[in-house]
Amino acid sequence: MYMIRKKTLALILTGIMITITALGVFGCEVSDSADTLTVFNYGEYLDPDMIKLFTKETGIKIKYEEATTPEEMYTKFKSGAIGYDLLCTSDYMLKRLINENEVREIDYSLFQYKDNIGQKYWDFSKSFDPENKYTLPYFWGTLGILYDTTKVNGKIDSWDVLFNGEYAGQIIMQNAVRETFQITEKYLGYSLNTTDRDEIQKAYETLLKQKPDVQAYLVDEARDEVVAGNAAIAVVYSGEAYLGHKYNPDLEYVIPKEGSNVWLDSWCITKNCKNTEAACKFLDFLCRDDVALKNFEFIYYSTPNETVKENLPPEDQNDKYMFPDDSVTENCEVCTLTDPETNELLNKLWKELKAN
Amino acid sequence: MDKVMNRRSVLSGPYVVWALGFTVIPLIVIIKYAISDRTGAFTLSNILAIFDPVNLKALIFSLEIAIGCTVVCILLAYPLVLAISRLKFARSGFMLVILILPMWMNFILKLLAWQMILSSNGILNMIIRAAGITGFDISNTPISIMIGVIYEYFPYMVLPVFDAVIAIDADVIEAARDLGAKKGTVFWKIIFPLSLPGLMSGITMVFVPSMTSFVTADILGGGKLQLVGNIIEQEFIQSMNWNLGAGLSVALMIFILISMTFTVKKDEREEEEAW
Numbered sequence: 001m002y003m004i005r006k007k008t009l010a011l012i013l014t015g016i017m018i019t020i021t022a023l024g025v026f027g028c029e030v031s032d033s034a035d036t037l038t039v040f041n042y043g044e045y046l047d048p049d050m051i052k053l054f055t056k057e058t059g060i061k062i063k064y065e066e067a068t069t070p071e072e073m074y075t076k077f078k079s080g081a082i083g084y085d086l087l088c089t090s091d092y093m094l095k096r097l098i099n100e101n102e103v104r105e106i107d108y109s110l111f112q113y114k115d116n117i118g119q120k121y122w123d124f125s126k127s128f129d130p131e132n133k134y135t136l137p138y139f140w141g142t143l144g145i146l147y148d149t150t151k152v153n154g155k156i157d158s159w160d161v162l163f164n165g166e167y168a169g170q171i172i173m174q175n176a177v178r179e180t181f182q183i184t185e186k187y188l189g190y191s192l193n194t195t196d197r198d199e200i201q202k203a204y205e206t207l208l209k210q211k212p213d214v215q216a217y218l219v220d221e222a223r224d225e226v227v228a229g230n231a232a233i234a235v236v237y238s239g240e241a242y243l244g245h246k247y248n249p250d251l252e253y254v255i256p257k258e259g260s261n262v263w264l265d266s267w268c269i270t271k272n273c274k275n276t277e278a279a280c281k282f283l284d285f286l287c288r289d290d291v292a293l294k295n296f297e298f299i300y301y302s303t304p305n306e307t308v309k310e311n312l313p314p315e316d317q318n319d320k321y322m323f324p325d326d327s328v329t330e331n332c333e334v335c336t337l338t339d340p341e342t343n344e345l346l347n348k349l350w351k352e353l354k355a356n
Numbered sequence: 357m358d359k360v361m362n363r364r365s366v367l368s369g370p371y372v373v374w375a376l377g378f379t380v381i382p383l384i385v386i387i388k389y390a391i392s393d394r395t396g397a398f399t400l401s402n403i404l405a406i407f408d409p410v411n412l413k414a415l416i417f418s419l420e421i422a423i424g425c426t427v428v429c430i431l432l433a434y435p436l437v438l439a440i441s442r443l444k445f446a447r448s449g450f451m452l453v454i455l456i457l458p459m460w461m462n463f464i465l466k467l468l469a470w471q472m473i474l475s476s477n478g479i480l481n482m483i484i485r486a487a488g489i490t491g492f493d494i495s496n497t498p499i500s501i502m503i504g505v506i507y508e509y510f511p512y513m514v515l516p517v518f519d520a521v522i523a524i525d526a527d528v529i530e531a532a533r534d535l536g537a538k539k540g541t542v543f544w545k546i547i548f549p550l551s552l553p554g555l556m557s558g559i560t561m562v563f564v565p566s567m568t569s570f571v572t573a574d575i576l577g578g579g580k581l582q583l584v585g586n587i588i589e590q591e592f593i594q595s596m597n598w599n600l601g602a603g604l605s606v607a608l609m610i611f612i613l614i615s616m617t618f619t620v621k622k623d624e625r626e627e628e629e630a631w
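Set out below in structure tokens:
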């Protein structure tokens with residue numbers, strides 16, 4: 001019996017070693033090749049046909065990896081198991097990566113289509129990338145209120161409706177610490193990037209007082225609950241609002257006058273990228289008119305690429321959800337909060353809010 | 357004898373690999389995280405964090421939900437099992453298939469269906485309102501979480517109890533009747549004690565998962581009610597505090613182990629009949 005155990009063990013170990021060697025050999029082959037880029041992006045956030053088209057046009061192969069949250073991306077990137085060349089992630093995470101010196105300057109002299117990105121979005125970027133050196137805007141959106149016009153009195157234009165008790169039991173909040181605190185801080189007149197403990201405590205107390213009026217804290221289902229008529233008001237992202245309005249024309253989306261969060265996902269080139277020229281080629285390709293249009297139609301979020309709007313049929317050009325007026329984002333802020341202590345405090349208060 | 361043993365150990369090879377790779381090693385990793393802080397230094401504070409008011413409250417709420425669900429499952433399972441066990445084999449098999457059928461469907465899909473049924477304008481609330489009861493909304497309450505949990509785990513209670521009941525020798529029951537025992541006496545003195553091993557397996561399989569079914573709590577509780585599972589999930593996903601998340605998981609494991617020792621002892625005593 002002892003002998004057999006030893007043999008089995010030896011067999012298993014051999015198997016494991018063969019696997020590791022094989023992985024190592026193939027892994028190296030891919031990442032060492034000069035004509036390959038390893039791209040890390042959110043799920044369903046790039047039309048797969050565009051990757052094929054890029055490889056066809058340039059001969060550069062793309063190794064594509066996906067993640068769900070910025071935090072997951074950060075963890076995987078930092079672990080260093082895979083050498084990523086290009087990363088698409090969110091505003092505050094980009095700030096963190098820039099602070100930690102993980103990204104390199106993008107050589108915009110190699111770009112042909114950089115000017116397709118509107119000036120407004122370069123200005124948004126400045127909140128985390130002050131000189132527009134490291135990041136390229138990709139998609140953007142806002143956080144606001146989706147409401148059923150048949151169930152509320154008049155037009156909604158303030159976060160106040162969530163907190164004044166008028167719509168008790170009719171409110172859906174986001175089941176996420178960041179978003180929930182951001183809108184409350186905006187409602188109270190603070191910055192959504194505040195690190196002031198008193199301000200955060202006030203926001204917590206406001207949320208605690210509001211909790212009995214909240215029907216549910218949801219993420220993906222928030223929109224559906226308003227569409228189904230189970231709730232009158234929900235805090236949602238603009239992309240969700242567009243779909244909600246499509247399902248039920250009685251639904252309206254508003255960015256409250258106190259301002260809100262405007263998010264901006266952007267590309268960056270990592271410090272470890274071996275072939276920056278190919279990386280720039282890929283980013284420039286994404287900015288090209290036809291590629292940006294196809295990609296927009298696949299993802300359907302607001303795009304910073306101004307040629308897209310011009311190339312759409314006229315009825316789609318006037319879609320106020322996809323292409324809001326500049327005025328509505330006036331009071332909005334990009335989230336650039338990276339302070340670990342503040343994040344810890346927010347997480348702690350969020351847990352307490354849920355427990356009460 | 358030696359040969360038999362050799363063959364046996366070869367046959368168990370896949371299981372050993374499985375157990376090592378998917379149970380033992382992950383468990384060691386979790387415990388390692390649980391007993392260290394972010395810098396890697398040894399600490400027990402992550403495990404003791406279960407006694408923080410917020411975490412303790414979630415644990416107690418989980419216990420209430422789990423006990424409630426287990427009791428309801430038992431109360432529903434026995435009448436069903438007694439009814440099915442008297443049917444002819446073909447028909448009882450058919451009834452069991454009907455019972456198991458929902459288990460072939462995706463778990464999230466079933467929860468989303470329940471969410472619609474239990475929503476403010478859902479069928480259940482409409483029936484309640486039609487019955488003249490007002491001012492009561494079942495959506496996003498502990499009751500709706502319990503309905504979801506019971507629906508999911510009810511078969512895990514019925515099957516072992518059914519197995520135990522069907523294994524009872526019909527002669528034993530007949531003998532009891534011959535001696536003048538009434539139906540109630542037959543159940544309490546014969547069927548129930550002999551089905552205990554099955555009941556214990558059933559309790560283990562319903563009680564433990566219902567304490568931690570955080571997805572059910574999130575979807576049917578509207579995110580307003582927290583099981584201890586939700587807190588652990590939040591520590592891992594939102595706070596990125598793996599050490600605390602792992603610590604709470606370990607505390608929960610210890611807690612479940614303690615509460616299960618009593619059940620396992622019963623199981624061992626009548627091991628031969630166990631499911």
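In the order they appear, the protein sequences are chains A and G.
Residue 1 is where the first sequence starts when you use our numbering, and the numbers rise one by one after that.
Residue 357 is where the second sequence starts when you use our numbering, and the numbers rise one by one after that.
All C-beta atoms in this analysis are idealised placements derived from N, C-alpha and C, irrespective of residue type, glycine included.
query: Neighbourhood of Pro-340 (chain A) by C-beta, 8 Å cutoff - its chain only, sequence neighbours within 5 removed; result: none
query: Residues from the stretch 448 to 473 of chain G in contact with chain A, defined by Cβ distance under 9 Å; result: Leu-468, Gln-471 and Met-472
query: Contact with chain A by Met-567 (chain G), beta-carbon distance below 8 Å; result: no
query: Below-8 Å beta-carbon distance, Ile-587 (chain G) vs any chain A residue; result: yes
query: Buried versus exposed call for Asn-305 (chain A) [16 or more other C-beta atoms within 10 Å across all chains shown]; result: buried
query: DSSP beta-bridge partners of Gln-215 (chain A); result: Paired residue(s): none; Gln-215 (chain A) is not in a bridge.
query: Straight-line gap, Tyr-389 (chain G) to Gln-594 (chain G) (C-alpha atoms, nearest Å); result: 17 Å
query: First through last residue of the alpha helix (DSSP H) which encompasses Gly-239 (chain A); result: 238 to 247
query: DSSP state of Met-173 (chain A) mapped onto helix, strand, coil; result: strand
query: Identity of the residue in G:Asn-481, G:Tyr-509 and G:Gly-478 nearest Leu-457 (chain G) by Cα; result: G:Tyr-509
query: Cβ pair count under 8 Å reaching 3, the stretch 151 to 160 of chain A against the stretch 262 to 272 of chain A; result: no
query: Contact list for Tyr-217 (chain A) against chain G, beta-carbon separation under 7 Å; result: Gly-578, Gly-579 and Lys-580
query: Candidates A:Lys-309, A:Cys-335 and A:Glu-258, of which the one nearest Leu-188 (chain A) by Cα; result: A:Glu-258
query: Alpha-carbon to alpha-carbon, Phe-378 (chain G) and Thr-553 (chain G); result: Here residue 553 (chain G) is Pro; the residue named in the question, Thr, does not match the sequence. Cα to Cα, the separation comes out at about 28 Å.
query: Contact set for Leu-94 (chain A): own chain, Cβ-Cβ below 7 Å, skip 5 residues either direction; result: Phe-128, Asp-129, Thr-135, Ser-266 and Cys-268
query: Inter-residue Cα distance where the pair is Ala-168 (chain A) and Leu-162 (chain A); result: 8 Å
query: Integer-rounded CB distance, given that Thr-89 (chain A) should sit under 8 Å from Lys-281 (chain A); result: Not really, about 20 Å apart at Cβ, beyond 8 Å.
query: Burial state of Thr-75 (chain A), where buried means 16 or more other Cβ atoms lie within 10 Å; result: exposed
query: Rounded straight-line distance, which links the Cα of Asn-477 (chain G) to that of Glu-225 (chain A); result: 10 Å
query: Within 8 Å, strictly: CB atoms of Gln-582 (chain G) and Lys-354 (chain A); result: yes
query: Coil, strand or helix - Tyr-2 (chain A) by DSSP; result: In this predicted model, Tyr-2 (chain A) has a pLDDT of only 44, less than 50, meaning its place in the structure is not dependable; the value taken from the coordinates is given anyway. The answer is helix: DSSP assigns Tyr-2 (chain A) an H, G or I state.
query: The stretch 64 to 80 of chain A / the stretch 33 to 45 of chain A touching (three or more Cβ pairs under 8 Å); result: yes
query: Proximal residues, the stretch 231 to 250 of chain A versus chain G, C-beta separation under 8 Å; result: Ala-231
query: CB contact below 8 Å: Thr-490 (chain G) versus chain A; result: no
query: Simplified DSSP state of Phe-398 (chain G), which is helix, strand or coil; result: strand
query: Any non-hydrogen atom of the ligand MG closer than 7 Å to Leu-455 (chain G) Cβ; result: In the structure shown, the ligand MG is absent, as is every other ligand, since no ligand is present at all.
query: Neighbour flag for Leu-415 (chain G) against chain A, beta carbons, 8 Å; result: no
query: From A:Tyr-321, A:Phe-54 and A:Phe-77, residue whose alpha carbon lies closest to that of Tyr-253 (chain A); result: A:Tyr-321
query: Completely contained beta strand (DSSP E) runs for the stretch 456 to 505 of chain G, where each covers 3 or more residues; result: none
query: Selection from A:Ile-171, A:Lys-114 and A:Gln-182 that minimises the alpha carbon distance to Thr-342 (chain A); result: A:Gln-182
query: Length-filtered (4 minimum) alpha helix (DSSP H) runs lying within the stretch 266 to 300 of chain A; result: 276 to 287 and 289 to 299
query: Under the three-state DSSP convention, the category Val-39 (chain A) falls into; result: strand
query: Residues, ordered as in the chain, of the stretch 482 to 506 of chain G that lie near chain A by beta-carbon distance below 9 Å; result: Asp-493, Ser-495 and Asn-496
query: Outcome for Gly-601 (chain G) when other beta-carbon atoms lying within 10 angstroms are tallied against a minimum of 16; result: buried
query: Check whether Gly-579 (chain G) and Ala-216 (chain A) have beta carbons under 8 Å apart; result: yes
query: Residue interval of the beta strand (DSSP E) (run including Lys-61 (chain A)); result: 61 to 67
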